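Worksheet: one structure, shown below.
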Amino acid sequence: MTIAAARSEVARDLPKVGEKFTALPFSPCNMDELRRYSLASGDDNPIHLDPELARRAGLPAPPVHGMLLMSRLVPALAVWRPDLTIIRLSNKFLRPVFVNEGGEFSGRVAQVTQGDASGNPAKILLRLMMHNERRELALLAEALTILKPAA
Amino acid sequence: MTEPLSGGSREPIQTRDSAPSSLHIGPLTVRAEAAEIAAFAREAAAPLDGSVPFTFPMRWFAHPEIQAAGKKLVDGEAWIPIHESQSFDYDRPLDADVDYRMSIEIIRELEPSRLILRAEIGDADPCLRAEMVLRIIATDVAETRA
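Quick mapping for you: the protein sequence lines, in order, are chains A and B.
Using the working numbering, read the first sequence as starting at 1 and increasing by one per residue.
Using the working numbering, read the second sequence as starting at 1001 and increasing by one per residue.
Below you can see the structure in the form of structure tokens.
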């Protein structure tokens, strides 16, 4: 990274550690949406589509695919910080979000590492969460991000 | 918590006499076709700009060879997989309509009962490393699939 590029990053307002993102709603997914996601993603695990199988696995209803929740984190970040792009995303799926159940995404800036003169860009580590309607922590994620190239 | 969340899968691997504890698959040739990208992006709320969505490589874990390996490792039980954790770590974005090579290691753990899939995807150099951890739940009605 050149000195000019480093100055440019500062000028583009790196997030501050501790900065919180406004909670964003996660719209409920109905069974038809889960079927379509199964087809598009190749994840045809029947537990997401078969209420009886979900019941036998101890769940009151089919759960939304964890990967569908994870996928929707990416546009949530684009709402919060459209100038950031994710390079690493790690998720733990802690509690289910059931079909027809909504939720809420939230997050905060955990760490900011400045870019340097040897070409390493500034890196911003975010901690992201999703709570289901029952206020349980359904998804816990860490996203390592960098600034998108200046237009 | 500054370590990747996917870093918690380093427990000792327990083995059984009747089943292997890990399998290597690939390299497989994988490709993000434009039509698949569009269908995936619509359902995953990803941008419809032709770029490969961040979580699109999920599709490649459904490859028949990978599913067959999962069945082999979870020998003989009636089970379903529950997604426990997932990570994607990109060195650079993937391009649409380009062939990539994907190599996968699938590890069977017994306590708790899990499959851990670690994939590396790239061409001459890696573009992406991904890890999927599946908890194995026994069920009397489940189809045996990965």
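All residues carry an ideal CB built from backbone N, CA and C; glycine is no exception.
On a predicted model such as this, the values are computed, not experimentally measured, just so you know.
(message) Quick check on DSSP: helix, strand or coil for HIS131/A?
(response) If you number the first sequence from 1, residue 131/A lands on position 131. The answer is strand: DSSP assigns HIS131/A an E or B state.
(request) In angstroms with no decimal places, state the Cα-to-Cα distance between ALA1130/B and LEU1115/B. (result) Your numbering for residue 1130/B matches position 130 in the second sequence. Your numbering for residue 1115/B matches position 115 in the second sequence. Answer to the nearest angstrom: the Cα atoms are 14 Å apart.
(message) Output needed for GLN114/A: all residues of its chain with C-beta closer than 7 Å, excluding positions within five of it in sequence on either side, in chain order.
(response) In the first sequence, residue 114/A corresponds to position 114, counting from 1. Taken in chain order, the residues that qualify are ALA122.
(message) Is there a Cβ of chain A sitting closer than 8 Å to that of HIS1083/B, yes or no?
(response) Taking the second sequence and counting its residues from 1, one reaches residue 1083/B at position 83. With 8 Å as the cut-off, HIS1083/B counts as an interface residue toward chain A.
(message) So if DSSP puts PRO1126/B in a beta bridge, which residue, or which two residues, is it bridged to?
(response) On the second sequence, position 126 is the one that residue 1126/B refers to. In DSSP, PRO1126/B forms a bridge with GLY1122/B.
(message) On the CB-based measure, 16 or more other CB atoms within 10 Å of its CB, does GLN1086/B come out buried or exposed?
(response) The residue given as residue 1086/B occupies position 86 in the second sequence. It counts as buried.
(request) Using a Cβ-Cβ cut-off of 8 Å, state whether PRO1112/B counts as contacting chain A. (result) Here residue 1112/B is taken as the residue at index 112 of the second sequence, counted from 1. With 8 Å as the cut-off, PRO1112/B does not count as an interface residue toward chain A.
(request) Starting from SER71/A, trace the beta strand (DSSP E) both ways and give me its first and last residue. (result) On the first sequence, residue 71/A is found 71 positions in, with the first residue counted as 1. That residue, SER71/A, is in no beta strand (DSSP E); its alpha helix (DSSP H) goes 66 to 80.
(request) Could you tell me whether any Cβ in chain B is nearer than 8 Å to the Cβ of ASP43/A? (result) Along the first sequence, one-based indexing puts residue 43/A at 43. Output row for ASP43/A: interface = yes.
(message) Within 8 Å, do at least three Cβ pairs link the stretch 86 to 102 of chain A to the stretch 127 to 134 of chain A?
(response) yes
(message) Alpha carbons only, please: which of PRO15/A, HIS48/A, ARG55/A and ILE87/A is nearest the one belonging to MET31/A?
(response) On the first sequence, position 31 is the one that residue 31/A refers to. Out of PRO15/A, HIS48/A, ARG55/A and ILE87/A, HIS48/A has the C-alpha closest to the C-alpha of MET31/A.
(request) Count the other C-beta atoms from every protein chain shown that fall within 10 angstroms of the C-beta of GLU52/A, then say buried if there are 16 or more, exposed otherwise. (result) Numbered from 1 along the first sequence, position 52 holds the residue referred to as residue 52/A. GLU52/A comes out exposed.
(request) Mind the definition here: the stretch 1073 to 1083 of chain B touches the stretch 1038 to 1050 of chain B only if three or more C-beta pairs lie below 8 Å; say whether that holds. (result) no
(message) Any beta carbon of chain B sitting closer than 8 Å to that of ILE124/A?
(response) Here the question's residue 124/A lines up with position 124 in the first sequence. For ILE124/A, the answer is no, since every Cβ of chain B falls outside 8 Å of its Cβ.
(request) Quick one: list the residues of chain B neighbouring GLY75/A, beta-carbon separation under 8 Å, in chain order. (result) Here residue 75/A is taken as the residue at index 75 of the first sequence, counted from 1. One point to set straight first is that residue 75/A is Pro, not Gly, in the sequence displayed. Correct list: ALA1045, ALA1046 and PRO1047.
(request) Identify the contact partners of PRO1147/B in chain A, using a Cβ-Cβ distance below 8 Å as the criterion. (result) Coverage of chain B is limited to positions 1001 through 1146, which leaves residue 1147/B absent and any answer about it impossible.
(message) I want to know whether the stretch 1050 to 1063 of chain B touches the stretch 1117 to 1132 of chain B - three or more CB-CB distances under 8 Å.
(response) yes
(request) State buried or exposed for VAL74/A, treating a residue as buried only when at least 16 other CB atoms are found within 10 Å of its CB. (result) Your numbering for residue 74/A matches position 74 in the first sequence. It counts as buried.
(request) Assuming VAL112/A and VAL17/A form a contact by the criterion Cβ under 8 Å, report the distance between their Cβ atoms to the nearest whole angstrom. (result) Position 112 of the first sequence, counted from the first residue, corresponds to residue 112/A. Position 17 of the first sequence, counted from the first residue, corresponds to residue 17/A. About 6 Å separates the two Cβ atoms, so the contact holds.
(request) State the DSSP-derived secondary structure class of ALA122/A, mapped to helix, strand or coil. (result) Residue mapping note: residue 122/A aligns to position 122 of the first sequence, counting from 1. Of the three classes helix, strand and coil, the one that applies to ALA122/A here is coil, per DSSP.
(message) Can you give me the C-alpha to C-alpha distance between GLY102/A and LEU77/A, rounded to a whole angstrom?
(response) As a first step, residue 102/A must be located in the first sequence, where it is residue number 102. As a first step, residue 77/A must be located in the first sequence, where it is residue number 77. C-alpha separation (whole angstroms): 18 Å.
(message) Which residue wins for smallest C-alpha separation from TYR1100/B, given the options ILE1106/B, LEU1128/B and PRO1053/B?
(response) Residue numbering aside, residue 1100/B sits at position 100 when the second sequence is read from its first letter. Ranking the options by Cα distance to TYR1100/B, first place goes to LEU1128/B.
(request) Starting from the N-terminal side, write out each stretch of the alpha helix (DSSP H) that is 4 residues or longer and does not extend beyond the stretch 1029 to 1083 of chain B. (result) 1034 to 1044 and 1064 to 1073
(request) From the DSSP output, in three-state form, read off ALA61/A for me. (result) One-based indexing of the first sequence puts residue 61/A at position 61. Note: ALA61/A maps to coil in three-state DSSP.
(message) Judging by CA-CA distance, which residue of GLU1120/B, ASP1125/B and PHE1054/B is the nearest neighbour of ILE1103/B?
(response) Counted from its first residue, the second sequence places residue 1103/B at position 103. Just to set this straight, residue 1103/B is Ser in the shown sequence, not Ile. Minimum Cα distance to SER1103/B is reached at GLU1120/B.
(message) Give me the subset of the stretch 73 to 99 of chain A whose CB atoms are less than 7 Å from a CB atom of chain B, sorted by chain position.
(response) VAL74, PRO75, ILE86, ILE87, ARG88, LEU89, SER90, ASN91, LYS92 and PHE93
(message) Does chain B have any CB closer than 8 Å to the CB of LEU147/A?
(response) Mapped onto the first sequence, residue 147/A falls at position 147. With 8 Å as the cut-off, LEU147/A does not count as an interface residue toward chain B.
(message) On the criterion of 16 or more Cβ atoms from any shown chain inside 10 Å, does LEU39/A qualify as buried, or is it exposed?
(response) Here residue 39/A is taken as the residue at index 39 of the first sequence, counted from 1. LEU39/A is exposed by the Cβ-count criterion.
(request) Please name the residue, chosen from ALA150/A, LEU139/A, HIS65/A and ALA117/A, that lies closest to ARG35/A on a Cα-to-Cα basis. (result) Here residue 35/A refers to the residue found at position 35 of the first sequence. Of the candidates ALA150/A, LEU139/A, HIS65/A and ALA117/A, the one whose C-alpha sits nearest the C-alpha of ARG35/A is HIS65/A.
(message) Tell me which residue opens and which closes the alpha helix (DSSP H) that LEU53/A is part of.
(response) The residue labelled residue 53/A in the question sits at position 53 within the first sequence. Here the alpha helix (DSSP H) through LEU53/A covers 51 to 56.
(request) Evaluate ARG1010/B with the Cβ neighbour count: other Cβ atoms within 10 Å of its Cβ, from every protein chain shown; 16 or more gives buried, anything less gives exposed. (result) Walking along the second sequence from the start, residue 1010/B turns up at place 10. Confidence in ARG1010/B is poor, its pLDDT being 34 and thus under 50, which makes the residue's placement unreliable; the coordinate value appears in the next sentence. Classification for ARG1010/B: exposed.
(request) Counting only runs of 3+ residues fully inside the stretch 17 to 52 of chain A, write out the beta strand (DSSP E) ranges in chain order. (result) 20 to 26
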